[in-house]
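So the sequence shown is numbered by the UniProt record's numbering: it starts at 1 and just counts up by one.
Beta carbons are placed, not taken as given, at the ideal position from N, Cα and C, and that holds for glycine.
Just so you know, these numbers come straight off a predicted model, no measurement behind them.
Heads up: the structure comes next, in structure tokens.
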Amino acid sequence: MATRGFSGRGRNKEQRERLPPGQSLVSGFPVLSAGPTPVVDLNHWKLELKHGPRLLASWDWQQFNALPQTRQTVDIHCVTTWSKFDTVWQGVLIEDLLSAAGIEAPSKHLLAHCFDDYSTNVRLADLQTGKAMVATHYDDQPLTAEHGGPARLLVPHLYFWKSAKWLNKLQFVQIETAGFWELRGYHLRGDPFEEQRYGGP
1 MATRGFSGRG RNKEQRERLP PGQSLVSGFP VLSAGPTPVV DLNHWKLELK
51 HGPRLLASWD WQQFNALPQT RQTVDIHCVT TWSKFDTVWQ GVLIEDLLSA
101 AGIEAPSKHL LAHCFDDYST NVRLADLQTG KAMVATHYDD QPLTAEHGGP
151 ARLLVPHLYF WKSAKWLNKL QFVQIETAGF WELRGYHLRG DPFEEQRYGG
201 P
């Protein structure tokens, strides 16, 4: 795993209420990935929504950016123990994505797949929160490649490995199926305030 961008830590009374146990506050935005950053051509970018192998809907870059956009400010937390407050994101909420596809969720579990063959499992309940989105902008700028651009999953209330970079497919599955890090011992859900870092259902 590659990482850079740590820039300090600190706590005060307000921070203690927002900071999960075992976390340190940073002002920068550390860069972490399981491998090299892929080169994604927007002319060939596509986001697919599937149920198992069956295609439910897909969007090219222009179609995706025509969907309803949401801007939000959230805290994010990485399993490597850093947290960053008040991060600003813009993209398409998962609820709006399902609405655009004209479907009701066919199962309670999904796998997020990415251009670098990374995957992570996410429960539908953690995506239908009014916060989870497919994000294309960070800090009012297009999302850079090192931070998952052109589009990444954002699930801010879970550890950040669930916010999969370089997203290209959301796949409904009938049973909870471990992704890349989950197969290597990470927790299936990853709630920072419960310290669900490793192991467990």
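Across the set His187, Leu110, Asp75 and Trp89, the C-alpha of Leu110 shows the shortest separation from the C-alpha of leucine 98. Here proline 30 is not near aspartate 116, since their CB atoms are 7 Å or more apart.
In the assembly as shown, glycine 185 is an exposed residue. Its beta-carbon has fewer than 16 other beta-carbons within 10 Å. When DSSP states are grouped into helix, strand and coil, aspartate 191 belongs to the coil group. Taking C-beta atoms as the reference points, alanine 151 and threonine 120 fail to come closer than 7 Å. In the structure shown, alanine 151 falls within a coil segment according to DSSP collapsed to helix, strand and coil. In the DSSP secondary-structure assignment, lysine 165 is not bridged to any residue. Per the C-alpha coordinates, the member of Glu194, Gly200 and Val173 positioned closest to leucine 56 is Val173. The beta carbon of valine 122 is closer than 7 Å to those of Leu110, Ala112, Val155 and Lys162 in its chain, skipping five residues each way along the sequence.
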